[in-house]
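Per the numbering used here, residue 9 is the first one in the sequence shown, and the count goes up by one each step. Working notes for the structure below.
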Amino acid sequence: METRAGICGDKYKNTDLVAALSAKQMGKTNEHCGKQVSVMGSSGNTIEVKIVDVCDTCNEGDVDLSPRAFEQIGEFSHGSISVRWNFV
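Here it is in structure tokens:
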């Protein structure tokens, strides 16, 4: 189980329901740190995750989910899936 420190200052594990946004979405002051996001996968499953980090390789509109969060809305073997998300 890997533990990391996100840009928001919190430590989190791969088993936590957390996510990262693109640098552009986070803004210069990391204004979305700690906010809750609702994410719906293509199967209709929905989860809530906490924003804890910046994803340097994400495009605007992307959300990078922790492994545990990803597995709850899609198959990990797919690597990436289409989702809809919004701030709670």
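Backbone N, C-alpha and C fix where the C-beta goes; we use that ideal spot for every residue, glycine too.
If I follow the unbroken alpha helix (DSSP H) through I81, where does it start and stop? Taking the sequence shown and counting its residues from 1, the one referred to as residue 81 is at position 73. Judged by DSSP secondary structure, I81 falls within the alpha helix (DSSP H) whose first and last residues are 75 to 81.
So what's S30 in DSSP terms, helix, strand or just coil? Working through the sequence shown from its first residue, we reach residue 30 at position 22. Strand, per DSSP.
Item to check | Run of the beta strand (DSSP E) containing D61, from where it starts to where it stops | outcome: Taking the sequence shown and counting its residues from 1, one reaches residue 61 at position 53. 54 to 63 is the extent of the beta strand (DSSP E) around D61.
Span of the beta strand (DSSP E) holding V91? As a working mapping, residue 91 is identified with position 83 in the sequence shown. Unbroken beta strand (DSSP E) run through V91: 91 to 95.
Open item on the list: With a threshold of 8 Å on Cβ separation, who are the neighbours of V47 within its own chain once the five nearest residues in sequence on each side are excluded?
Closed with: Sequence index remark: in the sequence shown, residue 47 carries index 39 (1-based). Answer for V47: A27, T54, I55, E56, V57, V71, L73, A77, I81, V91, R92, W93, listed in chain order.
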